[in-house]
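Structure, as structure tokens:
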Amino acid sequence: MMEMAGNDSTQMLILTLIFAMASLLHGISGLGVTLVTTTALASIYPLPHAIVLVIFPSILLNAMTWLSGGGRTIWQNFTYYGRRYWLLALTSLLGSILGAKLLLWIDSAYILLTLAAVIAFYVISSLLGKQIRLPDTKPVLIMVGFSAGVIGGATNAMSTILMMYLLSASDDKNTIAKVGNMCYFLGKVAQIIVLREPIMALTSGEWQLITLLSVISIVTLLVGIRLRRYLPQARFRQLILLIVTVLGIRVGWQVITALL
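Below, the structure is given as structure tokens:
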């Protein structure tokens with residue numbers, strides 16, 4: 002019994018540190034929290050349950066990154082980016098609805114396999130220092146928005162697909178971060194709609210965990226936003242990349258054992 006309590010305490014400490022570092026990176030760069038935290042939780046819980054636990058901390062951070070700062074009010078950020086990128090937002094929302102439904106329709110082992118593949122792509126492209134850019138055209142926008150939504154709804158890894166288009170559409174880091182987080186926010190809304198029954202089935206202990214992780218995420222996000230001007234993103238990204246790699250290997254091992 003004492004050993005179980007110790008294991009729970011260690012697990013909670015690890016999750017707290019991972020959410021704190023991921024949220025700090027999100028504050029500095031506008032990216033990172035959802036993929037890192039989902040991968041961490043998927044190595045402990047079944048993927049659908051991990052995604053449910055991540056929804057609320059993530060949606061808070063996405064909303065804050067999208068709507069705050071940039072020299073505009075919350076309403077101005079909402080209307081400015083909503084008017085200019087409504088089609089990308091709409092297609093990512095529709096894709097996210099389908100992706101979230103896949104969690105209910107398909108064996109989670111196959112979705113974990115997709116997550117492991119996306120993580121491998123993310124890690125390899127980061128190590129090679131390559132940024133894949135796509136043409137800034139409407140057909141590409143629709144295709145990328147929808148496919149990013151499907152991947153995001155099913156695995157919480159929307160950013161790996163979406164960034165390939167946003168890097169082509171804008172050179173402004175602030176715009177890339179805000180538009181990305183607008184789409185991530187809508188992806189979380191889609192997950193809440195589709196996964197409402199698993200959400201309603203959460204225990205009081207799980208809601209306490211979600212609340213704790215949400216508070217930690219918000220605090221470290223605000224610290225990251227303040228540090229954005231002073232800290233080099235490259236060093237911090239290397240640390241997150243290491244964490245994602247280790248967690249990705251663990252997820253990959255889960256897939257192998259589940260399929261054998």
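When we follow our numbering, the leftmost residue of the sequence shown carries the number 2, and every step to the right adds one. No residue lacks a Cβ here, since even glycine has one placed at the ideal position from N, Cα and C. Every value quoted in this text rests on a predicted model; they were computed, and no experiment measured them.
Test item: CB-CB of residue 94 and residue 187 under 8 Å: yes
Looking only at C-alpha atoms, which of 112, 50, 164 sits nearest to residue 123? Of the listed residues, the one whose Cα sits closest to residue 123 is 164.
Cβ-Cβ distance between residue 266 and residue 179 below 8 Å: Outside the modelled stretch of the chain, which goes from 2 to 261, sits residue 266, for which no answer is possible.
Residue 47 - DSSP class collapsed to helix/strand/coil: coil
With a threshold of 8 Å, are at least 3 pairs of Cβ atoms found where one atom belongs to the stretch 141-153 and the other to the stretch 56-72? no
Exposed or buried, which one is residue 5 when buried takes at least 16 other CB atoms within 10 Å? Residue placement at residue 5 is flagged as unreliable, the pLDDT there being 36, under the threshold of 50; the coordinate-derived value follows with that caveat. So residue 5 ends up on the exposed side.
Same chain, Cβ closer than 8 Å to residue 2, five either side skipped, listed in chain order: Here the model assigns residue 2 a pLDDT of 38, short of 50, so the residue's position is not dependable, and the following value carries that caveat. None.
The alpha helix (DSSP H) that contains residue 211, what's its start and end? 205-228
Below-8 Å beta-carbon distance, residue 124 vs any chain B residue: Considering every chain present, this structure includes no chain B. It has just one protein chain.
Can you list, in chain order, the residues of its chain whose CB lies under 6 Å from that of residue 85, leaving out five sequence neighbours each side? none
For residue 67, count the other beta carbons within 10 Å of its own beta carbon; 16 or more makes it buried, fewer makes it exposed. Which is it? Buried is the call here.
Going by DSSP in three states, residue 20 sits in which element: helix, strand or coil? helix
So residue 109 and residue 49 are supposed to be a Cβ contact under 8 Å. How far apart are they, rounded? 6 Å
In angstroms, rounded to a whole number, what distance separates the CA positions of residue 69 and residue 219? 13 Å
Could you name each continuous alpha helix (DSSP H) segment of 4 residues or more that falls completely within the stretch 83-110, going from the start of the chain to the end? 87-106
Would DSSP call residue 160 helix, strand or coil? helix
How big is the Cα-Cα spacing for residue 100 and residue 227? Roughly 34 Å between the two C-alpha positions.
Taking Cβ positions, are residue 279 and residue 28 nearer each other than 8 Å? This structure gives no information on residue 279, because the portion of the chain shown stretches from 2 to 261.
Local Cβ density within 10 Å of residue 32, reported as buried at 16 or more and exposed below that: Buried is the call here.
Should residue 19 be counted as a contact of the ligand SAM given a C-beta to heavy atom distance under 7 Å? Ligands are entirely absent from the displayed structure, and the ligand SAM is therefore not among its contents.
Using a Cβ-Cβ cutoff of less than 7 Å, which residues in the same chain neighbour residue 246 once the five nearest sequence positions on both sides are dropped? Excluding sequence neighbours, residue 246 sits near 124.
Nearest to residue 183 by CA position, among 250, 89, 210, is which residue? 89
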